[in-house]
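Protein sequences, first through last, are from chains W and G. Our numbering puts the last residue of the first sequence at 114; the count rises by one with no breaks. Our numbering puts the last residue of the second sequence at 1114; the count rises by one with no breaks. Read the structure below first, then the notes.
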Amino acid sequence: ETGVTQTPRHLVMGMTNKKSLKCEQHLGHNAMYWYKQSAKKPLELMFVYSLEERVENNSVPSRFSPECPNSSHLFLHLHTLQPEDSALYLCASSQDLGGRDIQYFGAGTRLSVL
Amino acid sequence: AQSVTQLDSHVSVSEGTPVLLRCNYSSSYSPSLFWYVQHPNKGLQLLLKYTSAATLVKGINGFEAEFKKSETSFHLTKPSAHMSDAAEYFCVVSGNSNDYKLSFGAGTTVTVRA
């Protein structure tokens, strides 16, 4: 395992539900990321946090709301999602924010929106 | 800005034969380049990383990649494929050392025939 744990692994929700994805890193890293992985598309960066401050919001719709209460935990709160939001959501962490820093990924949450 | 193109969406090899996954990149800076592997229902795992040191980079599980600036390529190879190498492989490029944003290729799916 890479030291990045995501829960739940699978989630099915209706368009009116509210749910949250959780990510925890045990690596002592300072930066955490949310990515969206859709079939046949490159990974899309959604949000980036460094030392619990959001440094990137990559034009993500407001129905996705991130939260980083401390440097080890990252949440993605979901509400009124659309079917096209069905995807694999990956969390990653890195020691710091930099192009040379390796990003370590969790196993992802497979989200299905009905 | 940087980008990466994986030239093959799917590669099929026989067990014990060489594997070649092709990747071309573009970057305005001296890039960092990575190869990640994703097995089914798993997150992305780093295979190897290039950051302007030796142009031939050795990674885990017998994989290696060669950085060729003149050809803007970073192809991944393995001399002898194993059944466990069946997975999706991503070539990734970052910009300068201060740029945490990674550009992911669309991925190459590798199947290994017995």
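Glycine residues also receive a C-beta, built at the ideal position from the N, C-alpha and C atoms.
Which one of the options has the shortest CA to CA distance from residue i?
i, options, result
"SER1094/G", "ASP101/W, ASN58/W, ASP85/W and PRO66/W", "ASP101/W"
"SER1030/G", "LYS1069/G, GLY1043/G and ILE1060/G", "LYS1069/G"
"GLY28/W", "THR109/W, ASN58/W, LEU114/W and ASP96/W", "ASP96/W"
"GLU1066/G", "GLY1105/G, SER1080/G, TRP1035/G and VAL1013/G", "TRP1035/G"
"SER1103/G", "GLY106/W, SER86/W and LYS41/W", "LYS41/W"
Taking the beta strand (DSSP E) that residue i belongs to, which residues open and close that run?
i, result
"GLU44/W", "44 to 50"
"MET32/W", "31 to 37"
"ASN1024/G", "1023 to 1026"
"PRO1040/G", "Run containing PRO1040/G: none; DSSP gives neither H nor E here."
"SER1103/G", "1102 to 1104"
"LYS1058/G", "1056 to 1058"
"SER1116/G", "For residue 1116/G there is no data in the structure shown, the boundaries of chain G being 1001 and 1114."
Give me the DSSP bridge partner(s) of residue i.
i, result
"LEU81/W", "Bridge partners of LEU81/W: none, in fact."
"SER121/W", "Outside the shown range of chain W (1 to 114) lies residue 121/W, about which nothing can therefore be said."
Helix, strand or coil: how does DSSP classify residue i here?
i, result
"ARG100/W", "coil"
"SER1032/G", "strand"
"MET15/W", "coil"
"SER1014/G", "strand"
"ALA1081/G", "coil"
"ASN1096/G", "coil"
"ASN1061/G", "helix"
"SER112/W", "strand"
Against residue i, what residues of chain G qualify as contacts under a CB-to-CB distance less than 9 Å, listed in chain order?
i, result
"PRO42/W", "VAL1004, PHE1090, SER1103, PHE1104, GLY1105, ALA1106 and GLY1107"
What in chain W is Cβ-close to residue i, meaning under 8 Å?
i, result
"PRO1051/G", "A small fix is needed here, since residue 1051/G is Thr in this sequence, not Pro. Near THR1051/G (Cβ distances below 8 Å), the residues of chain W are ARG100."
What does residue i reach in chain W if we use C-beta pairs closer than 7 Å?
i, result
"ASP1099/G", "GLY99"
Using a C-beta to C-beta distance shorter than 9 Å, which residues of chain W count as neighbours of residue i?
i, result
"GLY1059/G", "Within 9 Å Cβ-Cβ: nothing; GLY1059/G doesn't reach chain W, min ~12 Å."
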